[in-house]
Amino acid sequence: MNEGKKALYHCNYCNKDISGKIRIKCVVCPDFDLCMECFSVGAEVTPHKSNHSYRVMDNLSFPLICSDWNADEEILLLEGIEMYGLGNWNEVAEHVGTKNKTQCIDHYNVIYMNSPCFPLPDMSHVMGKNREELLAMAKEHGEVSKGVWHILFVVNRFE
């Protein structure tokens, strides 16, 4: 992880930075993630239980809609708005973790509010591209390839 860059995700059990790694996201507990090691031993932290439903989340640290926001940050922005409400930008920015209040407001206005596909972002530059083309796009922006990326999850989230 880059020095000075705040962790996007941490394990809620061992507190390890799991940004850029495969992680387990609890479906029941809001904003609850586990590293693979803690998940594999059934770690529980109240109110989380090891029998809760979960989703496996892959590394999404590549640009998707614009070059200065990666797919993880896009998801965190939308989750933050859903959790804290549109207009509560301090909380949304804190949820994103790597962007400040002004960056979140500006990005949301440009990418979502002013989109020709309003209320959705313009995804025409990534729609229909295969994994190799998306990987090449990410490399053009200087992103390092880590793990397996499930771009369809992100694209489907915005549809």
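If you count the sequence shown from 1, you need to add 112 to reach our numbering. Think of the CB as a built atom: it goes at the ideal place given N, C-alpha and C, for glycine as much as any other residue.
Residue i to residue j span [Cα, whole Å]
{"i": "residue 175", "j": "residue 183", "result": "6 Å"}
{"i": "residue 259", "j": "residue 134", "result": "The predicted position of residue 259 is uncertain, since its pLDDT is 31 and thus under 50; no value can be drawn from it."}
{"i": "residue 144", "j": "residue 234", "result": "30 Å"}
{"i": "residue 193", "j": "residue 204", "result": "6 Å"}
{"i": "residue 208", "j": "residue 225", "result": "19 Å"}
{"i": "residue 121", "j": "residue 223", "result": "24 Å"}
{"i": "residue 155", "j": "residue 189", "result": "28 Å"}
{"i": "residue 195", "j": "residue 232", "result": "18 Å"}
Assigned secondary structure, residue i (DSSP; H/G/I helix, E/B strand, else coil)
{"i": "residue 122", "result": "strand"}
{"i": "residue 198", "result": "coil"}
{"i": "residue 137", "result": "strand"}
{"i": "residue 130", "result": "coil"}
{"i": "residue 212", "result": "coil"}
{"i": "residue 146", "result": "strand"}
{"i": "residue 225", "result": "helix"}
Residue i CB to nearest heavy atom of the ligand GTP below 7 Å
{"i": "residue 164", "result": "Absence of the ligand GTP is noted for the structure shown, with no ligands found whatsoever."}
Residue burial classification, residue i (beta-carbon count within 10 angstroms, cutoff 16)
{"i": "residue 132", "result": "buried"}
{"i": "residue 211", "result": "buried"}
{"i": "residue 126", "result": "exposed"}
Cβ-based neighbour list, residue i, same chain, cut-off 8 Å, excluding 5 preceding and 5 following
{"i": "residue 148", "result": "133, 134, 135 and 136"}
Chain D contact for residue i (CB, 8 Å cutoff)
{"i": "residue 167", "result": "In the structure shown, chain D cannot be found, because there is only a single protein chain."}
Residues near residue i by beta carbon distance below 7 Å, same chain, minus five either side
{"i": "residue 157", "result": "124 and 125"}
{"i": "residue 168", "result": "134 and 136"}
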